[in-house]
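What follows is a short report on a single structure.
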Amino acid sequence: MTTVLHEVFIAILGIAYAEGDYNGCQQNRKINNDTRNKFLEMHNGFRCIACLFSNYLFIRSEQNSYRSLFAQKNKASKMEKLIYDCDLENSAYNSQRACETDQSKPSTEEENLYFPEEETYIPEEDMDDRNFALEAVNSWSSEIFDLKENVYKFKNTSSIANIVWDSHNRVGCAVVDCSGKTHVVCHYGPKVKGDGKTIYEKGEKACSGCENGGTCDDEFDGLCPVKLSH
């Protein structure tokens, strides 16, 4: 399944999207604007998939390509487009400065954390930060197969819930060098997640509940456009 998701994200990366606003982000860390843009593209790309095809994904792979993507008729009606947030990046970076392997449980943001296993670690000289972004989001999104309903339950779905929670509208990520290993962490806002809460509202079609009258974003079909107040 993870191989198929990797191919889905390779397709997403092949689409040209507008870059985010990174003027407030520090440029002296192990992350650059290209990497930030890849994090943003992959998150919004997967949110598009979740909106348009609901939360049940049935994918069949043959000869290194996916053949079809089937889903239930229920659609996510008001999933917001994510924008990149440099304050969240700073929060993510600070949460991993100690290189912990457990989530830091930040007080104001949700968190996804990824670090390669020993046997799957790829040396830094063979893998740039954009590849780490792909590996991380691919790992988190693989939980989609454990997400059997649109109500959040803590077990096995915390990462995918952060990615597709409809009222999340900001994301910031950090890539941290931890004694030769790489940790990837993303923070999401606003903090809304809770056991038993609805991850996203279902409607007749994607974007049917958007505040602009039900029109999807021009760039990411299936997501509500960014609100001017964000």
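Using our numbering, the first residue of the sequence shown is number 77, and each one after it goes up by one.
Backbone N, C-alpha and C fix where the C-beta goes; we use that ideal spot for every residue, glycine too.
This one's a predicted model, so the numbers in the text were calculated from it and none came from an experiment.
Own chain, CB closer than 7 Å to residue i, minus 5 neighbours either side, in chain order
i	result
Glu185	Leu164, Ser167, His263, Tyr264, Gly265 and Lys267
Asp253	Lys106
Lys28	Since the displayed the chain opens at 77 and closes at 306, residue 28 lies outside it and no answer follows.
Asp293	Lys157, Leu299, Cys300 and Pro301
Gly100	Cys162
Thr177	Phe191
Whole-Å CB distance - residue i paired with residue j, under 8 Å assumed
i	j	result
Pro301	Lys157	6 Å
Asn232	Glu219	6 Å
Asn238	Lys278	Not quite, the Cβ-Cβ distance comes to about 19 Å (not below 8 Å), so this is no contact.
Cutoff 6 Å; reference residue i; Cβ partners in own chain excluding five residues on either side
i	result
Ser284	Ser153 and Gly290
Gln179	Glu187 and Leu189
Lys273	Tyr228
Tyr169	Ala250
Ala212	Tyr190 and Val260
Cys286	Lys154 and Cys300
Gln139	Only weak support is given to the placement of Gln139: the predicted model assigns it a pLDDT of 17, under 50, and the value that follows is read from those uncertain coordinates. Contacts found: none.
Distance CB(residue i)-CB(residue j) smaller than 8 Å
i	j	result
Ser255	Cys175	yes
Lys257	Tyr228	no
Val261	His119	no
Asp242	Tyr276	yes
Gln172	His259	yes
Proximity winner among the options, relative to residue i (alpha-carbon distances)
i	options	result
Ile159	Ser171, Gly121 and Gln103	Gly121
Cys162	Lys224, His259, Tyr98 and Asn245	Tyr98
Ser235	Glu225, Ser217, Phe221 and Gly100	Ser217
Leu210	Pro192, Arg173 and Met155	Pro192
Residue environment, residue i, which counts as buried when at least 16 other CB atoms sit within 10 Å
i	result
Cys102	Correcting the residue identity first, residue 102 is Gln in this sequence and not Cys. Exposed, by the Cβ-count rule.
Neighbourhood of residue i by C-beta distance below 8 Å, restricted to the same chain and skipping five residues each side
i	result
Asn288	Cys300 and Pro301
Lys303	Glu156, Asn245 and Glu287
Residue-level contact to chain D via CB, residue i, 8 Å cutoff
i	result
Asp242	Among the chains of the structure shown, chain D does not appear; only one protein chain is present.
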